[in-house]
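*Asks:*
4 protein chains.
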Amino acid sequence: MEAVNRAELAGKLAEIEHRMRQAEVRGAVASYIPELAKVDPARFAVAVALPDGTVLQAGDAATPFSIQSISKVFTLAIALGRLGDQLWSRVGREPSGLAFNSILQLEQENGIPRNPFVNAGAIVVTDAILAGHQPRAVLGELLHFIRLAAGDDDIHINRAVAVSEQATAHRNIALAEFMAAMGNLRNPSALTIGTYVHQCAVEMTAIQLARAGLFLVNAPGCPRLVAPARIRRINALMMMCGHYDGSGEFAYRVGLPGKSGVGGGILAIVPGRASIAVWSPGLNTNGNSKLGTEALEHLARATGWSVFG
Amino acid sequence: MEAVNRAELAGKLAEIEHRMRQAEVRGAVASYIPELAKVDPARFAVAVALPDGTVLQAGDAATPFSIQSISKVFTLAIALGRLGDQLWSRVGREPSGLAFNSILQLEQENGIPRNPFVNAGAIVVTDAILAGHQPRAVLGELLHFIRLAAGDDDIHINRAVAVSEQATAHRNIALAEFMAAMGNLRNPSALTIGTYVHQCAVEMTAIQLARAGLFLVNAPGCPRLVAPARIRRINALMMMCGHYDGSGEFAYRVGLPGKSGVGGGILAIVPGRASIAVWSPGLNTNGNSKLGTEALEHLARATGWSVFG
Amino acid sequence: MEAVNRAELAGKLAEIEHRMRQAEVRGAVASYIPELAKVDPARFAVAVALPDGTVLQAGDAATPFSIQSISKVFTLAIALGRLGDQLWSRVGREPSGLAFNSILQLEQENGIPRNPFVNAGAIVVTDAILAGHQPRAVLGELLHFIRLAAGDDDIHINRAVAVSEQATAHRNIALAEFMAAMGNLRNPSALTIGTYVHQCAVEMTAIQLARAGLFLVNAPGCPRLVAPARIRRINALMMMCGHYDGSGEFAYRVGLPGKSGVGGGILAIVPGRASIAVWSPGLNTNGNSKLGTEALEHLARATGWSVFG
Amino acid sequence: MEAVNRAELAGKLAEIEHRMRQAEVRGAVASYIPELAKVDPARFAVAVALPDGTVLQAGDAATPFSIQSISKVFTLAIALGRLGDQLWSRVGREPSGLAFNSILQLEQENGIPRNPFVNAGAIVVTDAILAGHQPRAVLGELLHFIRLAAGDDDIHINRAVAVSEQATAHRNIALAEFMAAMGNLRNPSALTIGTYVHQCAVEMTAIQLARAGLFLVNAPGCPRLVAPARIRRINALMMMCGHYDGSGEFAYRVGLPGKSGVGGGILAIVPGRASIAVWSPGLNTNGNSKLGTEALEHLARATGWSVFG
């Protein structure tokens, strides 16, 4: 990998923003959560946090957006901290080869979701954290973790988004109830899904999200919230499963562990070097940010940051 | 990542060999190819090739074994060199979530295999190279490529293994004929499968295989058979799909791009640093070398070579 | 078909009962609904209702049992009476090739269940009847229909069974919520499933059930609750889908339209001739009464009542 | 069922022919077998054979057409005569819920096809008859059986159709090779598929086909080629599986055991009463004759011949 000059990097981010602003095909904003459907598809942000805390940025990097499924990275870190490898008796570690909200593999594989990043798996992770606690306490712990990672207390849950998502959560409830039927849910589905939609409704700016990802960079100066061996494993899971059935494509084009959210954000980790957040609300057919992926592809090529050589 | 001292590395390889020799649960040697079923399950080898051409090793590293599906890495490199991105109209780039020899996804996805490393995908790659050539010429080109990569002309195809595999190739013929029915095969299935079983019957020692992998390391001193951008992409595919439905597990435990073969070999790439070959004939339930994976897990932990931080 | 002498038929029923009482392998009583798990597996009943109202019987034919999925025949008749062919925009008419409670076909076929007798399909039927009504009113209409068909007002819902089933209804709720997500549910799932578990908890004796089936026999003297063309269609659906993924086996062995329930009951129709109810609580692997099926096989052979010649 | 007057029946057939001739939407003629694609879509025939040997007819009832999958009924009868219930260890008796040429269920169910009428199942049946015989001898036996049933020696195999089908038989070869891999094929796939495509290429007129179906009617006067108990079972299989994933629809609309062929023919059995053949080359989306099904629906309604009351 090539060394990266900060001034060059800042210039590269500006260039990427310029290019993405002009893109005509921007993907479709998620429509199944009414509150998210209102977001302006012209928004674009990119932010790079370095281990020393510096953040380089371009675009709407100070505008909060709904992190949605990116929250799964934080709940996974919390769940592994609480349960350790016991978590793996309830959820697998393999790519699914199917859509993020698919239910059929649950039937074929006895109610054990394929990985913690498809919806069913993330619901299990949330259910595991809930055990014996109130949703309010769990959501408090999540916010505490994210704020600590980001070094910023001004991070909140958007209740309107949570309520909006709750109203159309039929498919997630179906996943939860199906797992309950197979003995893989510990709390009432209403409690688990209620917590889940609130966790997805966390709002962060690209700057905050890039900073919050530093705990996965594993370099001197980064917050030490998780042991190095676990960092490597979470990054491996992000690489393999972070973009649902588009994970292979993301690895092929970008070459970094990443996690996308239906709000149009992506968090990508450059092990040992940087944490990157991008945001563009339009999605591709796999439900990942279309321009966000393109921006990361440009950035990885320009910096030589791909983990693949 | 930590710097690696060669003496320490040699010591580590010796220690790993010692440990693997004593393992009691060694997995089951592949039985569906009669010639492979004869191999002694007590065999073990590990070899690490560095960019300057040095090879460190332990165990039966000078004993040839059948590389089987590891050959798919070399045919993919050849096919991309010949067809470039056109290849991707005939085969995808996503993990399958299914067994290496599964046929059902072909039916659900119009005869387009999920990736070049499941059997159906590798058959398409071989079929693509064949177009307009004789099997003999294609196999000659493959051997030429491998010998060049390894810097060693003493690499051959074991005809007895090829004949043995041909006799039980019903499932691969079924995959080929199914793709023919969907318009995704250009040659008679007998020709394509005949070439395919011979490509799988290439025999190499761990030393040769480790050397042959250097063209994917992308460091000064390594053979330059493929452009850097393509190296990154092949490594990405190995990471995502190189161990079939155990790819997530391999990424989680080892953290390196790798490709396994049913003969018990695994080739793993450390981008910028090294190429590793391991060999232990016993397989786990996903068809990947059981002790080979464990050896790589030990080695990656000891060296800090995981790409994930 | 041979003419059937009533005395001979009565003798045959007695012989069948004797034989079934002595069977050692009786199948397993359904365990997932706690109240049903308490039923004595030694119970056995058979009753044959003729168009003139005569009922011949043997065994525990006056003991009420939970009709469970047999109720789906009555709700289908009511739904077709109310909606006519509009119902078929929400549910199909083909065998499923899968278990009664499978969810995966819903995902592959856009939330449209395969037929009205798999759980998902029956839930849609109940949901269709509910529209604009209170569960209490719908259950009242169902009881009215059954009582009229049976000519017997002493038919009721066992609330304890309904409550017991409600408590373990996760999988049915998952089916309902999944269909809600696909736009194929009109009422809150709690309302639809609440009604559904009560409809399944109707209790009838074999005598009552045999009589209640006469409306599908289409012969002079039978209650005329449904037009002949619709009778033929309901019988066709019972033949094709009435025993889930064991429907082919039932047709092969018995040769009559039938509908089974997890309580161990089966209603079978002999078009133009008779309605038969059998009850034996032990189930085979497809969830159909094991001895009930055997009893019907004996009876069909002795009477020549198979519709297949 | 109503008694049927022959003059009225003849009039009804003429009326049906008239109506079908005028239909504008006729379905699409099968295109994947080049020889079949040449057939005139305007052709239409209907013939009814009664137990006394009388045949009533309308349309092109003396024009030979390719019976294709209708041949599966005759090979099943032969296989059951030769092997009895042993056949059922290699093929099931349930509807598949999938297309006629689907391969995925083979993978999920260990190479055992769902029933003898989907392609995979019919290939197993042919493979079972072949054992120890030459294809020529087996095809001779098939022709002998059909000629005997039809009381007509002028029934032959169209070699041009067989050759045409052989050239595009990739999918059937895939099915055969997949079953070979699972241990469910006894002969080389080339031999079994070669026999299979010839069996499908038998040509018959509607008159001949209606007569040939009489052995399944089970009434005095009909040829006695199969015992009554077996007749009932073959009819049950035709009802449940004779129209692939459109079997439910056929039962719902027509209410008779039937078997369709991709050449546009359908054989339907009225147990105890008649054998019916229809022919119209255009197919519906499930691969069954579109107008042939409609004609049978009209005929069944007019005669009251549905087995469902």
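Heads up: the sequence lines are chains A, B, C and D, in that order. Those letters in the first sequence? Residues 52 to 360, by my numbering. Those letters in the second sequence? Residues 52 to 360, by my numbering. Those letters in the third sequence? Residues 52 to 360, by my numbering. Those letters in the fourth sequence? Residues 52 to 360, by my numbering. The beta-carbon is built from N, C-alpha and C at its ideal position, and this holds for glycine as well. Fair warning: this is a prediction, and the values are worked out from it, not measured in the lab.
(1) Just to make sure I have the definition right: I need the residues of chain C whose C-beta is within less than 7 Å of the C-beta of I224 of chain A. Which are they?
(2) Which two residues bound the contiguous beta strand (DSSP E) that contains G309 of chain B?
(3) Between the Cα of A98 of chain B and the Cα atoms of B:A319, B:R352, B:S340, B:G333, which residue gives the shortest distance?
(4) Return the CA-CA distance between L101 of chain D and G306 of chain D, expressed in angstroms with no decimal places.
(5) If we count Cβ pairs, one from each stretch, closer than 8 Å, do we get three or more for the segment 195-203 of chain C versus the segment 261-268 of chain C?
(6) Beta-carbon separation of A302 of chain C and F359 of chain D under 7 Å?
(7) Determine the contact status of E68 of chain D and G110 of chain D, defining contact as a CB-CB distance below 7 Å.
(8) Assign H207 of chain D to buried or exposed, taking buried as 16 or more other Cβ atoms, counted over all protein chains shown, within 10 Å of its Cβ.
(9) Does S357 of chain D get closer than 7 Å to chain C when you measure Cβ to Cβ?
(10) P164 of chain B CB to nearest chain A CB: under 7 Å?
(11) Could you tell me which residues DSSP pairs with V321 of chain D in its beta bridges?
(12) Give a yes or no on whether the C-beta atoms belonging to G314 of chain D and S117 of chain D are separated by under 7 Å.
(13) Based on Cα-Cα distance, which residue from A:N223, A:M233, A:Q185 lies nearest to N161 of chain A?
(14) Starting from S120 of chain C, find everything on chain A with Cβ-Cβ shorter than 8 Å and list it in chain order.
(15) Can you give me the Cβ contacts of D204 of chain D inside the same chain, cut-off strictly under 6 Å, excluding the 5 residues immediately before and after it?
(16) For a minimum of 4 consecutive residues, which ranges assigned as the alpha helix (DSSP H) are wholly contained in the segment 259-296 of chain A?
(17) Go ahead and label D103 of chain C buried or exposed: buried means 16 or more other beta carbons lie within 10 angstroms of its beta carbon, across all protein chains shown.
(18) Note down the Cα distance separating V248 of chain A from Q217 of chain A, rounded to an integer number of angstroms.
(19) Which residues bound the alpha helix (DSSP H) around A225 of chain A?
(20) Is it buried or exposed, W356 of chain A, if we count other Cβ atoms within 10 angstroms and call 16 or more buried?
(21) What is the DSSP secondary structure of G122 of chain A, reduced to helix, strand or coil?
(22) Which residues in the same chain as L242 of chain D place their Cβ atom closer than 8 Å to its Cβ, once the five residues preceding and following it in sequence are excluded?
(23) Return the residue from the list D:E75, D:T105, D:R70 that minimises the CA-CA distance to A58 of chain D.
(24) Evaluate A79 of chain D with the Cβ neighbour count: other Cβ atoms within 10 Å of its Cβ, from every protein chain shown; 16 or more gives buried, anything less gives exposed.
(25) Out of A:G172, A:P279, A:T219, which one is the CA nearest neighbour of G293 of chain A?
(26) Taking the alpha-carbon positions, what's the M289 of chain B to L157 of chain C distance?
(27) Within the 7 Å Cβ cut-off, does I154 of chain B reach chain D?
(28) With distances taken from CA atoms, which of C:R72, C:Y83, C:S82, C:L107 is nearest A93 of chain C?
(29) Measure from the alpha carbon of A211 of chain B to the alpha carbon of each residue in B:N335, B:P85, B:A61, B:L60, then state which is nearest.
(30) Nearest chain B C-beta to R77 of chain A closer than 7 Å, yes or no?
(31) Of all Cβ atoms in chain A, is any one closer than 7 Å to the Cβ of E53 of chain B?
(32) Flag E160 of chain D as yes if its beta-carbon sits less than 7 Å from any beta-carbon of chain B, otherwise no.
(33) With DSSP as the reference, label E145 of chain A as helix, strand or coil.
(34) Step through the CB atoms of chain C and report whether any lies within less than 7 Å of the CB of A171 of chain A.
(35) Pick from B:K89, B:P164, B:A65: whose alpha carbon is nearest that of Y295 of chain B?
(36) For D326 of chain D and S340 of chain D, I'd like the C-alpha separation in whole angstroms.
*Replies:* A quick look at the data gives this:
(1) Position 173 of the first sequence, counted from the start, is the residue given in the question as residue 224 of chain A. By Cβ distance, chain C contributes E228.
(2) Along the second sequence, one-based indexing puts residue 309 of chain B at 258. First-last of the beta strand (DSSP E) with G309 of chain B: 309-311.
(3) Numbered from 1 along the second sequence, position 47 holds the residue referred to as residue 98 of chain B. Answer by Cα proximity: B:A319.
(4) By one-based count along the fourth sequence, residue 101 of chain D stands at place 50. By one-based count along the fourth sequence, residue 306 of chain D stands at place 255. The alpha-carbon atoms of L101 of chain D and G306 of chain D are separated by roughly 18 Å.
(5) yes
(6) Translated into the one-based positions of the third sequence, residue 302 of chain C becomes position 251. Translated into the one-based positions of the fourth sequence, residue 359 of chain D becomes position 308. No.
(7) Working through the fourth sequence from its first residue, we reach residue 68 of chain D at position 17. Working through the fourth sequence from its first residue, we reach residue 110 of chain D at position 59. Yes, the Cβ-Cβ distance between E68 of chain D and G110 of chain D is below 7 Å.
(8) Taking the first residue of the fourth sequence as position 1, residue 207 of chain D is located at position 156. An exposed status is given to H207 of chain D, since fewer than 16 other beta-carbon atoms sit within 10 Å of its beta-carbon.
(9) Start at 1 with the first residue of the fourth sequence, and residue 357 of chain D comes out as number 306. At least one chain C Cβ lies under 7 Å of S357 of chain D.
(10) The sequence position of residue 164 of chain B within the second sequence is 113, counting from 1. By this cut-off, P164 of chain B is not an interface position.
(11) Sequence index remark: in the fourth sequence, residue 321 of chain D carries index 270 (1-based). Answer is D:A325, bridged to V321 of chain D.
(12) Along the fourth sequence, read from residue 1 onward, the residue named residue 314 of chain D stands at position 263. Along the fourth sequence, read from residue 1 onward, the residue named residue 117 of chain D stands at position 66. Yes, the Cβ-Cβ distance between G314 of chain D and S117 of chain D is below 7 Å.
(13) Residue mapping note: residue 161 of chain A aligns to position 110 of the first sequence, counting from 1. Closest in alpha carbon position to N161 of chain A, among A:N223, A:M233, A:Q185, is A:M233.
(14) Taking the third sequence and counting its residues from 1, the one referred to as residue 120 of chain C is at position 69. Within chain A, no residue comes near S120 of chain C; the closest Cβ sits about 17 Å away, beyond 8 Å.
(15) By 1-based counting over the fourth sequence, the position of residue 204 of chain D is 153. Counting only Cβ-Cβ distances below 6 Å, and skipping sequence neighbours, we find R198.
(16) 279-292
(17) Within the third sequence, residue 103 of chain C is the residue found at index 52, counting from 1. Counting Cβ neighbours within 10 Å, D103 of chain C comes out exposed, since fewer than 16 surround it.
(18) Here residue 248 of chain A is taken as the residue at index 197 of the first sequence, counted from 1. Here residue 217 of chain A is taken as the residue at index 166 of the first sequence, counted from 1. Computed Cα separation, rounded: 6 Å.
(19) As a first step, residue 225 of chain A must be located in the first sequence, where it is residue number 174. Note, A225 of chain A: alpha helix (DSSP H), 221-232.
(20) As a first step, residue 356 of chain A must be located in the first sequence, where it is residue number 305. With 16 or more other Cβ atoms within 10 Å, it is buried.
(21) The count along the first sequence starts at 1 and reaches residue 122 of chain A at position 71. The question names Gly, but residue 122 of chain A in the sequence shown is Ser. Of the three classes helix, strand and coil, the one that applies to S122 of chain A here is helix, per DSSP.
(22) On the fourth sequence, residue 242 of chain D is found 191 positions in, with the first residue counted as 1. Around L242 of chain D: L181, P186.
(23) Within the fourth sequence, the letter at position 7 stands for residue 58 of chain D. Looking at the Cα atoms, D:T105 is the closest of the given residues.
(24) Along the fourth sequence, one-based indexing puts residue 79 of chain D at 28. Exposed, since its Cβ has fewer than 16 Cβ neighbours within 10 Å.
(25) In the first sequence, the residue the question calls residue 293 of chain A occupies position 242. That would be A:G172, whose Cα lies nearest to the Cα of G293 of chain A.
(26) Taking the first residue of the second sequence as 1, we reach residue 289 of chain B at position 238. Taking the first residue of the third sequence as 1, we reach residue 157 of chain C at position 106. Rounded to the nearest angstrom, the two C-alpha atoms are 34 Å apart.
(27) In the second sequence, residue 154 of chain B corresponds to position 103, counting from 1. So yes, I154 of chain B belongs to the interface.
(28) Sequence index remark: in the third sequence, residue 93 of chain C carries index 42 (1-based). It is C:R72.
(29) Translated into positions along the second sequence, residue 211 of chain B becomes position 160. Nearest C-alpha to A211 of chain B: B:P85.
(30) As a first step, residue 77 of chain A must be located in the first sequence, where it is residue number 26. Contact with chain B is absent for R77 of chain A, since none of that chain's Cβ atoms lies less than 7 Å from the residue's Cβ.
(31) Locating residue 53 of chain B in the second sequence gives position 2, where the first residue counts as 1. Its pLDDT being 43, under 50, E53 of chain B is placed unreliably in this model, and the value from its coordinates should be taken loosely. Interface residue (Cβ-Cβ distance to chain A less than 7 Å): E53 of chain B is not classified as such.
(32) For the purposes of this step, residue 160 of chain D is taken as the residue at position 109 of the fourth sequence. No, its Cβ sits nowhere closer than 7 Å to a Cβ of chain B.
(33) Taking the first sequence and counting its residues from 1, one reaches residue 145 of chain A at position 94. Looking at E145 of chain A - three-state DSSP - the assignment turns out to be coil, as it is neither helix nor strand.
(34) Along the first sequence, one-based indexing puts residue 171 of chain A at 120. Judged by the 7 Å Cβ criterion, A171 of chain A is not in contact with chain C.
(35) Residue 295 of chain B sits at position 244 when you count from the first residue of the second sequence. Here the closest residue by C-alpha is B:P164.
(36) The count along the fourth sequence starts at 1 and reaches residue 326 of chain D at position 275. The count along the fourth sequence starts at 1 and reaches residue 340 of chain D at position 289. Before going on, a small fix: residue 326 of chain D reads as Ser here, not Asp. S326 of chain D and S340 of chain D: Cα-Cα distance of roughly 17 Å.
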